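>
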Amino acid sequence: MFESAEIGHAIDKETYDAEVPALREALLEVQYELQQQKRFPVIILINGIEGAGKGETVKLLNEWMDPRLIEVRTFDQQTDEELARPPAWRYWRQLPAKGRMGIFFGNWYSQMLQGRVHGEIKDARLDQAIAGAERLEKMLCDEGALIFKFWFHLSKKQMKSRLKALQDDPLHSWRISPLDWQQSKTYDKFVHFGERILRRTSRDYAPWYVIEGVDAHYRGLTVGKILLEGLQNALKVPKGKTSGMNPAPLPSAVDQMSLLNSLDMTLSLEKDDYEEQLITEQARFSGLMRDKRMRKHALVTVFEGNDAAGKGGAIRRVAAALDPRQYHIVPIAAPSEDERAQPYLWRFWQKIPSRGMFTVFDRSWYGRVLVERIEGFCTPTDWMRAYGEINDFEEQLRDAGVIVVKFWLAIDKQTQLERFQAREEIPFKRFKITEDDWRNRDKWDDYRAAVGDMVDRTSTEIAPWTLVEANDKRWARVKVLRTINLALEEAFDKTDKHDKKGKKK
């Protein structure tokens, strides 16, 4: 894979000086068009051999283009804040907005490659990381991002010659870094595993570009021209065009039965039983959140449901069991302009709690397959794709120790009507009812179908859905708390078993 980047590519100074002015002008032109259109972000991943000109090339790009529209990010050792969250969190936080460019050093490929070269991970874990990178990039591209992946290369001989030349030059010996010496010892491993990563992750939507780094003129012109051509092609794509084939419609049940129809909506609790069970479950929840095993976990609860199903009341009973410093309630409304400039999962990644903490999502990422699907805010391709993206997102949370508990609070149509009417009649509840609530009610059957598809495709062993019979608010509140407690206890039991296995080894 690297043979053509070890043959001594070079461009003379005269040719370089003749070509650079036009290239710079064209790059600036497409950069400003990118900013003006604000249709997609550009992500540039920088990887490769130490000393092959990675930093010098990025510095050159900042000189040729407008650096105010370029965000250069370096991901070194993980901070305590990053270690307390899923590995991808640090990258999601730094994604450029539509119309801007982001250059990532020390990106997800750097982490997995260094880990494998130094024996911190084995082949199986490397393969998992490669698969995760593919899923991440596929999602970003499906959301409109343009990704360039550059591998800057030197042959082993070229790398050693560079190190010797610098070492013998008193004026430039300071440019040799500890990483240069380290890589000189691990070069063969680095190239071996690097080739494996490139081979498996060079895709039509995010291909790798291998750049020979020995000659600065060749290196700079080549990278500049690749960026220019890629940006020009992307900006020519008609606005609103989506990739992929139009999906077939999801089948409806021949017998018209659905999961929601199977719920027993008569379930209820008397007031005395409710108060006794509520305080019991709240005390249990409080104790579990203070358990030392919670230090290895975070808790995320997702509340979705019919309008007027009692999500707010259920959330308040959950929160009442805890110190306010232990949790964060995140109400989800329509995305802001900044949020619309990012992939739809971006705003949720920002709110993932650290270990020991608890975040409540009042509405969530499932809006993509519910309201956005029904209102036509995204294409069928987008929401069909989202099921897999959401499952992958929740698996990443699980792998990082986050316990995900998801609730759909269900009420029947008559109960919803009665609650809507009560809200209109009671002055201090009028703020709870809007025209959108009545409009959504007209789409009752559409929402039931979307909820059925959502549960069918995203209720997994990793993050199952709990359907809550919510005609009776007391029953619903107790069931929510009890479900959270069971999820915490199950996670703690798995932690205990894992720790015991570790001690035996």
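Numbering-wise (our numbering), the sequence shown opens with residue 867 and increments by one.
Just so you know, even glycine gets a beta-carbon here, dropped at the ideal spot from N, CA and C.
Keep in mind the model is a prediction, meaning the values are calculated, not measured.
Please report the straight-line C-alpha distance between residue 875 and residue 1161, rounded to a whole angstrom.
C-alpha separation (whole angstroms): 53 Å.
> Who are residue 1072's beta bridge partners in DSSP?
According to DSSP, which records beta bridges pairwise, residue 1072 is partnered with 1069.
> Determine the contact status of residue 1244 and residue 1234, defining contact as a CB-CB distance below 8 Å.
Contact flag set, yes.
> Do residue 1286 and residue 1168 have their C-beta atoms within less than 8 Å of each other?
Not closer than 8 Å, so no.
> Just verifying my parser: in three-state terms, what is the DSSP assignment at residue 1272?
If DSSP states are grouped into helix, strand and coil, residue 1272 belongs with the strands.
> Using the C-alpha atoms, what's the distance from residue 1308 back to residue 1241?
Cα-Cα distance, rounded: 12 Å.
> Measuring alpha carbon to alpha carbon, tell me which of 1220, 1231 and 1208 ends up nearest residue 1214.
That would be 1231, whose Cα lies nearest to the Cα of residue 1214.
> Buried or exposed: where does residue 954 fall if 16 or more other Cβ atoms within 10 Å of its Cβ makes it buried?
By the neighbour-count rule (16 or more Cβ atoms within 10 Å), residue 954 is buried.
> Using the Cα positions of residue 1366 and residue 1159, report the straight-line distance between them to the nearest angstrom.
Answer to the nearest angstrom: the Cα atoms are 14 Å apart.
> Can you have a look at residue 919 and say buried or exposed, based on whether 16 or more other CB atoms are within 10 angstroms of its CB?
Result: buried.
> Hey, quick one: how far does the beta strand (DSSP E) through residue 1015 stretch, first residue to last?
Its beta strand (DSSP E) spans residues 1012-1019.
> CA-CA distance, residue 889 and residue 927?
Near 11 Å, if we compare the C-alpha coordinates of residue 927 and residue 889.
> Would you identify the three-state DSSP class for residue 1365, choosing helix, strand or coil?
If DSSP states are grouped into helix, strand and coil, residue 1365 belongs with the helices.
> Would residue 1345 be called buried (16 or more neighbouring beta carbons within 10 Å of its own) or exposed?
By the 10 Å Cβ count, residue 1345 comes out buried.
> Would you decide whether residue 1219 is buried or exposed? Buried here means 16 or more other CB atoms lie within 10 Å of its CB.
With 16 or more other Cβ atoms within 10 Å, it is buried.
> Out of 1003, 1011 and 1136, which has the shortest C-alpha to C-alpha gap to residue 1066?
Closest option to residue 1066, Cα to Cα, is 1003.
> Under 8 Å by Cβ, that's how I've got residue 1195 and residue 1181 pegged, so tell me the actual separation to the nearest angstrom.
About 6 Å separates the two Cβ atoms, so the contact holds.
> May I ask which residues mark the beginning and end of the alpha helix (DSSP H) holding residue 1083?
Segment 1082-1102, the alpha helix (DSSP H) holding residue 1083.
> Please give the ranges of any alpha helix (DSSP H) in the segment 1127-1190, keeping only runs that are unbroken, at least 4 residues long and fully inside the region.
The segment 1127-1190 contains these whole alpha helix (DSSP H) runs: 1137-1156 and 1177-1185.
> Could you pull out every residue in the same chain whose Cβ sits closer than 6 Å to the Cβ of residue 1271, ignoring the five residues on either side in sequence?
The residues are 1167, 1350 and 1353.
> On the DSSP bridge assignment, give the partners of residue 1348 in chain order.
DSSP output for residue 1348 lists no bridge partner at all.
> How would you label residue 1149, buried or exposed, when you count the other beta carbons within 10 angstroms and need 16 or more for buried?
So residue 1149 counts as exposed.
> Starting from residue 1322 and walking both ways along the alpha helix (DSSP H), at which residues does that stretch end?
Residue 1322 -> alpha helix (DSSP H) spans 1310-1324.
> Just verifying my parser: in three-state terms, what is the DSSP assignment at residue 982?
Helix.
> Who are the Cβ neighbours of residue 1025 in its own chain at under 7 Å, not counting the five residues just before and after it?
Contacts found: 915, 917, 1050 and 1053.
> Grouping DSSP H, G and I as helix and E and B as strand, with all else coil, what is residue 967?
Three-state DSSP puts residue 967 in a strand.
> Can you tell me which residues form a DSSP beta bridge with residue 912?
Residue 912 pairs with 1016.
> Starting from the Cα of residue 1085, find the closest Cα among 1337, 877, 873 and 1315 and give me that residue.
Taking only the C-alpha atoms, the option nearest residue 1085 is 877.
> Taking 7 Å as the limit between beta carbons, can you name the residues of its chain near residue 1325, skipping five residues before and five after?
Once the five neighbours on either side are set aside, the close Cβ partners of residue 1325 are 1331.
> Which of the three DSSP states is assigned to residue 1229 in this structure?
Here residue 1229 sits in coil by DSSP.
> Using 10 angstroms around the beta-carbon of residue 869, count the other beta-carbons present and answer buried if the total reaches 16, otherwise exposed.
With fewer than 16 Cβ atoms within 10 Å of its Cβ, residue 869 is classed as exposed.
> Going by the beta-carbon positions, is the gap between residue 911 and residue 1015 smaller than 8 Å?
Yes; because the gap between Cβ atoms is below 8 Å, this pair is in contact.
> So who's on the other strand from residue 937, going by DSSP bridges?
Paired residue(s): 968.
> Indicate the three-state DSSP secondary structure (helix, strand or coil) for residue 1063 in the structure shown.
The answer is helix: DSSP assigns residue 1063 an H, G or I state.
> What residue range is occupied by the uninterrupted beta strand (DSSP E) comprising residue 1245?
Note, residue 1245: premise wrong, no beta strand (DSSP E); not H, not E.
> Between which two residues does the alpha helix (DSSP H) carrying residue 887 extend?
Note, residue 887: alpha helix (DSSP H), 879-903.
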